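Notes follow once the structure below has been shown.
2 protein chains.
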Amino acid sequence: MNIGLAAQESSLPPKTIRYYEDIGLVVPARRDNGYRDYSVDDVHLLRFVQRARSLGFSVEQCRQLLALYLDRTRASADVKRLASEKIDEIDRKIRELKGLRGTLTELVERCSGDDRPDCPIMDMLSEEPHPAAAS
Amino acid sequence: MNIGLAAQESSLPPKTIRYYEDIGLVVPARRDNGYRDYSVDDVHLLRFVQRARSLGFSVEQCRQLLALYLDRTRASADVKRLASEKIDEIDRKIRELKGLRGTLTELVERCSGDDRPDCPIMDMLSEEPHPAAAS
DNA sequence: TTTGACCCTCCAGCGACTGGACGTCAATTG
DNA sequence: CAATTGACGTCCAGTCGCTGGAGGGTCAAA
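Listed in order, the protein sequences are those of chains X and V. Those letters in the first sequence? Residues 1 to 135, per this note's numbering, in order. Those letters in the second sequence? Residues 1001 to 1135, per this note's numbering, in order.
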């Protein structure tokens, strides 16, 4: 099938699908006229990648997952490891964001938010670093 | 002062500081020999940007914050609005990450993680979409 | 004087696309 | 059968926020 239909079937934009071919992720056959010709299996792989991406896996991780997917002798432990690492990564990001959120929330709460210029947010951003010790 | 010292004082790499000049964020004077010459005020601004970036503000938002910082007639409400929007943005990201985390955790828990190939994670990634209705 | 640390500019690349220009091909309409 | 429209093709550039490197100039100390 043509790339347009493959795009519909995989919920991916044609541009992205061409990009995936560029980087060797899902490489379709070509027709005589140069058009990409996606098989049902290709579309399956595209959808696989789409799902993995939407779960937060990087394209490189998708490549690994695809390799495991196509490997009939794979150990589920390998897949589980990739997924667990991804969870750890997500946890780290959540922790970092929560930290930022906490700081910002505190600052916002202390800011009067009126038409005067005084603002603890600005103070925090422009504050001199505390000297390590008095001299 | 030279860029190296400004880098130390602002906790930013020299490359980043040059980049900030490129995009017109903090533009220092130049010496006769072409060297950048950062004033104490410049370094102050660099540190301001460094702090704002580490709080999750984009470079463009930093530009806005700098403008507000340098505006003596600013209303703290404007600053507060920027910060509140950033909090909302962070909240959205956290929610999204928690969703991903939930899905992945569930999958990982159901995966035996041994040397057999069967794996609910793979199943989920390769699953056919559920037909909307029987036909 | 020579070394080494610093500084300069410019170009390229990261990840994961996305937009646009420009040309070809296929299918439909008059 | 011509013309138009839409989908397809390639290639280049841009996004964001840097970062690395090449290939040079400058400066201060030994």
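Note that beta-carbon positions come from the ideal geometry of N, C-alpha and C, so glycine has one too. Remember, it's a predicted structure, so these values are computed and weren't measured experimentally.
Check, Outcome
"Do we get a CB-CB distance below 8 angstroms when we pair residue 4 of chain X with the residues of chain V?", "no"
"From residue 1069 of chain V to residue 100 of chain X, what distance separates their C-alpha atoms?", "20 angstroms"
"Tell me whether the stretch 1070-1079 of chain V and the stretch 110-118 of chain X touch, counting them as touching only if at least three CB pairs, one residue from each stretch, are closer than 8 angstroms.", "yes"
"Step through the CB atoms of chain X and report whether any lies within less than 8 angstroms of the CB of residue 1056 of chain V.", "yes"
"Under 8 angstroms by Cβ, that's how I've got residue 117 of chain X and residue 107 of chain X pegged, so tell me the actual separation to the nearest angstrom.", "Between residue 107 of chain X and residue 117 of chain X the Cβ distance is about 15 angstroms, and since that is not below 8 angstroms, they are no contact."
"Determine the contact status of residue 143 of chain X and residue 40 of chain X, defining contact as a CB-CB distance below 8 angstroms.", "Residue 143 of chain X lies beyond the range of chain X shown here (1 to 135); nothing can be said about it."
"Using alpha carbons as the reference points, say which of V/1051, V/1071, V/1021 lies closest to residue 124 of chain X.", "V/1051"
"In three-state terms, what does DSSP make of residue 31 of chain X?", "coil"
"What's the C-alpha gap between residue 59 of chain X and residue 1032 of chain V?", "48 angstroms"
"Given this structure, state the Cα-to-Cα distance separating residue 1134 of chain V from residue 95 of chain X, to the nearest angstrom.", "Confidence at residue 1134 of chain V is low in this model, with a pLDDT of 47, below 50, so the placement of that residue is unreliable and no value is reported for it."
"So that I know if they touch, is there some Cβ in chain V lying closer than 8 angstroms to that of residue 39 of chain X?", "no"
"Tell me, please, which residues DSSP counts as bridged to residue 37 of chain X.", "X/29"
"Which residues mark the beginning and the end of the alpha helix (DSSP H) in which residue 1113 of chain V is found?", "Element bounds for residue 1113 of chain V: n/a, residue is neither H nor E."
"From which residue to which residue does the alpha helix (DSSP H) around residue 1123 of chain V run?", "1120-1126"
"Could you have a look at residue 1057 of chain V and say whether DSSP puts it in helix, strand or coil?", "coil"
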